[in-house]
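Residue 72 in this note's numbering sits at position 72 of the sequence shown, with consecutive numbering throughout.
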Amino acid sequence: MLARLPAAWDRGRAGAGVPHGRTVAEHPAHPPRIRRHIQEGLRFVTGDAALRAVCLASAAFRFFFSAVTIGCLLFPPRALHICRARSSG
């Protein structure tokens with residue numbers, strides 16, 4: 001049997017997304033804007049040199065890995081002269 005997920009991860013149950021020990025009525029009527037959260041996170045990351053370096057390295061890796069993956073999908077069929085399967089009909 002799978003281990004039970006923490007209460008915050010319980011998405012399929014009633015009251016999902018409500019922190020442990022709180023009810024829905026205790027949540028603020030106007031939740032903070034998502035843009036404000038994003039700006040706060042960006043300020044935090046750009047304010048720290050180590051986090052900035054890790055983020056830039058991660059972004060560069062993901063970009064070039066995506067390019068290599070696309071190359072791996074496109075190059076072998078052309079190099080091996082493999083054509084697409086034709087549909088019968």
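C-beta: ideal position from N, C-alpha, C; glycine also.
Report task. State the Cα-Cα distance for the pair Phe44 and Ala67, rounded to the nearest angstrom. Result -> The C-alpha of Phe44 lies about 29 Å from the C-alpha of Ala67.
Report task. Tell me whether Cys72 sits in a helix, a strand or coil according to DSSP, three-state version. Result -> Looking at Cys72 - three-state DSSP - the assignment turns out to be helix.
Query - Limits of the unbroken alpha helix (DSSP H) element including Arg36 - result: From DSSP, the alpha helix (DSSP H) with Arg36 extends over 34-47.
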